[in-house]
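Enquirer: Have a look at this one before I ask anything.
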Amino acid sequence: MRLFKLLALPALMLMPLSANASPTLKGSFGDWTVYSRYDGAQRLCYVVAHAKSKSPASVRHGDIHFLVANWKSGIAFEQPSFMADFSLKADRPPSVQIDGQKFPMYVSKNESFIAERSDEVSLINRMRAGSTMKVSAVSGRGTNVSYTFSLNGITAALERAQSDCN
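So for the sequence shown, our numbering puts the first residue at -19; every next one is plus one.
In structure tokens:
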């Protein structure tokens, strides 16, 4: 069931959207934006931030996002994920680092997730208390990349997403 939960989010966010399924902007809080959308009867609320810095500068990174999702149905609650505009190397999965604490992830194509719920909770707590977050990854081509995300506004954004999906 955990794998389904984790794979359902990127599939729903990336699939072509009908007029009824288009995301609705709920608000912006610092560097984080809150959206909600429906997939049939399922309501999904999520916060998203774009990478503030991308390294190395010599490669094309495309759109790089970090998301935290809530499903009204309870399928997922404050589920963090990293989404790249390219495939990620599965045997060298990304990690998230805040204030020296690293959180290993696992890969599903161009997205990565925290494997254990307890680590998700710890990461979200660190996000709420921190100021920046770094994601280190390896592209499918073997390029080492890293991204920095601002955590300015994350607490208010998470609270809004949670209230919208209750």
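We put the CB at the ideal spot given by N, CA and C, even for glycine.
(1) In or out: glycine 133 buried (at least 16 other Cβ within 10 Å) or exposed?
(2) With a threshold of 16 other CB atoms inside 10 Å of the CB of alanine 70, please say whether the residue is buried or exposed.
(3) If you count every other CB in all the chains shown that lies within 10 Å of the CB of proline 60, and 16 or more means buried, which is it?
(4) Going by DSSP, what residue range makes up the beta strand (DSSP E) through isoleucine 78?
(5) Starting from asparagine 50, trace the beta strand (DSSP E) both ways and give me its first and last residue.
(6) Measuring straight from C-alpha to C-alpha, what distance separates glutamate 96 and phenylalanine 66?
(7) Which first and last residues belong to the alpha helix (DSSP H) in which alanine 141 is found?
Expert: According to the data block:
(1) Label assigned to glycine 133: buried.
(2) Residue environment: alanine 70 is assigned as exposed (fewer than 16 neighbouring CB atoms within 10 Å of its CB, all protein chains considered).
(3) The residue in question, proline 60, is buried, as its Cβ has 16 or more Cβ neighbours within 10 Å.
(4) Secondary structure note for isoleucine 78: its beta strand (DSSP E) is the uninterrupted segment 75 to 78.
(5) Here the beta strand (DSSP E) through asparagine 50 covers 45 to 51.
(6) If you take the alpha carbons of glutamate 96 and phenylalanine 66, they lie about 24 Å apart.
(7) 134 to 144 is the extent of the alpha helix (DSSP H) around alanine 141.
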